[in-house]
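In the working numbering, the protein residues as written are 105 to 239.
One structure below.
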Amino acid sequence: MSQQAASLDWMLKDLAESVPQTRTVLVLSSDGLRMGHHGGTTESAERLAASCSGLQSLASAVGSELPHLAGKMQLVVIEMEGGFFYLMAAGPRAYLAVLADDGVDAGLMGQRMRDLIARLGAHITSPPRSDGQAR
Numbered sequence: 105m106s107q108q109a110a111s112l113d114w115m116l117k118d119l120a121e122s123v124p125q126t127r128t129v130l131v132l133s134s135d136g137l138r139m140g141h142h143g144g145t146t147e148s149a150e151r152l153a154a155s156c157s158g159l160q161s162l163a164s165a166v167g168s169e170l171p172h173l174a175g176k177m178q179l180v181v182i183e184m185e186g187g188f189f190y191l192m193a194a195g196p197r198a199y200l201a202v203l204a205d206d207g208v209d210a211g212l213m214g215q216r217m218r219d220l221i222a223r224l225g226a227h228i229t230s231p232p233r234s235d236g237q238a239r
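Okay, structure coming up:
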């Protein structure tokens with residue numbers, strides 16, 4: 105594991121431990137690649153990352169219907185039976201996602217996610233793929 109990946113994992117773990125009821129914390133690129141996660145299995149995190157990519161694209165499309173806005177997704181919250189899902193823009197081409205159980209403090213979660221994004225900085229800047237890479 106690279107030093108950058110270890111640092112990223114430590115920061116994701118810190119968020120998970122600072123907000124009770126947090127199950128999974130995930131950083132992903134805009135094209136749905138898992139950059140790091142804490143909680144759950146790697147396979148589950150990869151499926152979640154792919155789902156998040158589609159969700160952020162859908163949210164941006166909905167936002168583009170508001171002509172006075174830029175149309176860029178900033179935050180999506182989904183309440184499900186038994187828990188919550190949060191997806192927040194985390195910089196150019198990167199997102200932070202969290203799965204949490206019912207009873208999570210939504211205000212605390214939002215604040216901790218914003219704090220983490222500020223700390224992550226260059227760790228989560230996902231460069232665009234070159235023409236030679238699969239899309």
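Glycine included, each C-beta is placed from N, C-alpha and C at the ideal position.
- By the CB criterion at 7 Å, Q178 and A193 fall inside the cutoff.
- Taking all protein chains shown into account, G136 has 16 or more neighbouring C-beta atoms within 10 Å of its C-beta and is therefore buried.
- Under the DSSP definition of a beta bridge, R138 partners with L132.
- Distance from the CA of R197 to the CA of S133, rounded to the nearest whole angstrom, comes to 6 Å.
- CA-to-CA, the gap between A210 and F189 works out to about 10 Å.
- Excluding five sequence positions before and after S148, the CB atoms of its chain that fall closer than 8 Å to its own CB belong to T128, given in chain order.
- Spanning the alpha carbons of R138 and D113 requires a straight line of approximately 12 Å.
- By the criterion of a C-beta distance shorter than 7 Å, M213 is surrounded in its chain by V123, Y190, V202 and A204, once the five residues flanking it on both sides are discounted.
- Close CB contacts of L220 within its chain, under the 7 Å cut and outside five residues either way in sequence, are with M115, L119 and L200 (chain order).
- Using a 10 angstroms sphere on the CB of A165, the tally of other CB atoms stays under 16, which defines it as exposed.
- DSSP, read as helix, strand or coil, puts G186 in coil.
- Per DSSP, reduced to three states, the secondary structure at L203 is strand.
- One alpha carbon belongs to R218, the other to V180, and they sit about 13 Å apart.
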